[in-house]
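Residue numbers (my numbering): 1 to 116.
In this text, a Cβ means the ideal position worked out from N, Cα and C, and glycines have one as well.
Fair warning: this is a prediction, and the values are worked out from it, not measured in the lab.
To keep things clear, I will list the structure first and then write my remarks on it.
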């Protein structure tokens, strides 16, 4: 299982270039960890945690790729995931899912296409 840390809020900066290229936005995939490395994020942090069953850290590492103009190439469309997943993320700040449950909600920000 891979633990994927997701930004839960939009970070902003007054400079539009920095804001667009360097500030993490809601849904950005921040980091990937081996199963069990992270505890559920407390409500005081700007993160939520998605544990993806059946996926290794090595397989999930592709989601933390960067580009010259983007901190992260992939994001989870948090507002579009099924209500049950959204509810868990809201109340517990963590959820365990399969890749099949969330893959179609992972978007490549360069191509604008979803993974599925």
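(message) Classify residue 27: buried if its beta carbon has 16 or more other beta carbons within 10 angstroms, exposed otherwise.
(response) Buried: at least 16 other Cβ atoms inside 10 Å.
(request) Determine, using beta carbons only, whether residue 7 and residue 46 come nearer to each other than 8 Å. (result) Cβ atoms of residue 7 and residue 46: closer than 8 Å.
(request) Use the C-beta contact count for residue 116: other C-beta atoms within 10 angstroms, 16 or more gives buried, fewer gives exposed. (result) Answer is exposed; the Cβ neighbour count stays below 16.
(request) Check residue 115 in the structure and name its three-state DSSP category. (result) Residue 115 carries a coil assignment under DSSP once its states are collapsed to helix, strand and coil.
(request) Please classify residue 3: does DSSP put it in a helix, a strand, or coil? (result) Three-state DSSP puts residue 3 in a strand.
(request) State the Cα-Cα distance for the pair residue 86 and residue 80, rounded to the nearest angstrom. (result) Residue 86 and residue 80 have their C-alpha atoms some 8 Å from each other.
(request) On a CA-only basis, which of 3, 36 and 25 is nearest residue 9? Give me that one, please. (result) Residue 9 has its Cα closest to that of 25, out of 3, 36 and 25.
(request) Could you check what DSSP says for residue 64 in three-state terms: helix, strand or coil? (result) Looking at residue 64 - three-state DSSP - the assignment turns out to be helix.
(message) Need the endpoints of the alpha helix (DSSP H) that residue 100 sits in, please.
(response) Start and end: 99-102.
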